[in-house]
Amino acid sequence: MLARVGPVKLRLQVMSAETGAMGPGKAAVLEAIRTHGSITGAGRALRISYKRCWALVDEMNRCWRTPLVTAVRGGPTQGALLTEEGARILEAFRALEQRLTAATRDDPAYATLVDHLRDTPLPPAGS
Numbered sequence: 010m011l012a013r014v015g016p017v018k019l020r021l022q023v024m025s026a027e028t029g030a031m032g033p034g035k036a037a038v039l040e041a042i043r044t045h046g047s048i049t050g051a052g053r054a055l056r057i058s059y060k061r062c063w064a065l066v067d068e069m070n071r072c073w074r075t076p077l078v079t080a081v082r083g084g085p086t087q088g089a090l091l092t093e094e095g096a097r098i099l100e101a102f103r104a105l106e107q108r109l110t111a112a113t114r115d116d117p118a119y120a121t122l123v124d125h126l127r128d129t130p131l132p133p134a135g136s
């Protein structure tokens, strides 16, 4: 989720070295896994391929000290689940997004940006 405060979009990203450990897209993947119980179902819900969804899960699991998602392959118990740590990280990420959005509304820098922003951009030069 990109938080939008008026014309300003906030995009929180948590980094592990140069790798995105958590951001709006990865948080959406975790939410979809929690809802659908599988990486396949999460990918379908988000309209991304299974391969892409799995790559995002793998990247998250490699960035955090404890895996955020566990997956069981094959059989009647196949699927994916958020770990306790995964649920905790997701909750903390969404809470921080909300706090940043709320804090931005009252920040003088936000007012400066909005006051100087055009309602619509000028056409490209030469058009």
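Going by this note's numbering, the final residue of the sequence shown carries number 136, and the count climbs one at a time with no gaps. Glycine is no exception: its CB is placed at the ideal position from the N, C-alpha and C atoms.
Shown here, Gly32 sits in coil according to DSSP, grouped into three states, outside any helix or strand.
Distance from the CA atom of Pro133 to the CA atom of Leu90, rounded to whole angstroms, is 48 angstroms. When secondary structure is reduced to three states using DSSP, Leu126 falls in the coil class, being assigned neither helix nor strand.
It is roughly 19 angstroms from the alpha-carbon of Asn70 to the alpha-carbon of Thr44. A distance of 8 angstroms or more separates the beta carbons of Leu109 and Leu39.
Leu90 sits in a strand when the DSSP states are folded into three classes. Beta bridge pairing from DSSP links Ala80 with Ala89. Linking Thr49 to Glu68 through their CA atoms gives a straight-line distance of about 17 angstroms. A straight-line Cα-Cα distance of about 45 angstroms links Leu77 and Leu131.
The beta carbon of Ala54 sits closer than 8 angstroms to those of Ala41, Thr44, His45, all from its chain and outside the five residues before and after it, given in chain order.
Counting every other CB atom within 10 Å of its CB across the protein chains shown gives Val66 a total of 16 or more, marking it as buried. Around the Cβ of Lys60, a 10 Å sphere holds fewer than 16 other Cβ atoms; the residue is exposed. Going by DSSP, Leu19 is part of the beta strand (DSSP E) stretching over 17-19.
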